[in-house]
Amino acid sequence: PHSSDLRVFPGAVQLVSPVVDPPNGSFKVTASLKHPDGLLRPGLLVRVRVTLGRHESAYLISKRARVLEGERPFVFVVRAGETVRVPIEEGFSDMDRIEVRNVGVPGGLRAEDDVVTVPNVDLYEGLRVSTESTAGAGG
């Protein structure tokens, strides 16, 4: 179907199967959906987006900014014209963005930080850089 054909049906998850199909990673979910026009039928394969919770004033960064060192995520930010490596505590995430929970605490991100969006292998702490924007990465 074309993206303009897609419809949104609000509902609630009733049951999630603990069994995962190994070849494709899928699992069965039973949900009750509101669809007054009767378009949906039992057994229909659908793509869903489930909201597990909301954090209203979340500080978000691009997933492309995250660097992993083992299990420890961090980002590079620019402070006073130099790159600084800052560990992050991840919260909720989606396909493109990550919530950073340690903003405004000692050793964490600052709301005014310019986060390096696409770090490369040549990037290291203390590198002198110039930025194209002075806006923070939060959203």
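Heads up: the sequence shown is residues 1426 to 1564, going by the working numbering.
Glycine residues also receive a C-beta, built at the ideal position from the N, C-alpha and C atoms.
- Around the beta carbon of A1490, 16 or more other beta carbons sit within 10 angstroms, so the residue counts as buried.
- Distance check between K1453 and each of V1500, E1550, R1472 places R1472 closest, using alpha-carbon atoms only.
- Three or more pairs of CB atoms, one per stretch, sit closer than 8 Å, so the stretch 1536-1556 contacts the stretch 1501-1509.
- In the structure shown, K1453 falls within a strand segment according to DSSP collapsed to helix, strand and coil.
- One alpha carbon belongs to P1467, the other to R1526, and they sit about 40 Å apart.
- Excluding sequence positions up to five before and after D1521, its CB lies within less than 8 Å of the CB of S1487, K1488, all in the same chain and listed in chain order.
- By the neighbour-count criterion, in which a residue is buried when 16 or more other Cβ atoms sit within 10 angstroms of its Cβ, L1534 is buried.
- The beta-carbon distance between I1523 and E1515, rounded to whole angstroms, is 5 Å. This is short enough to meet the 8 Å contact definition.
- Assignment of R1489 by DSSP, reduced to helix, strand and coil, places it in the helix class.
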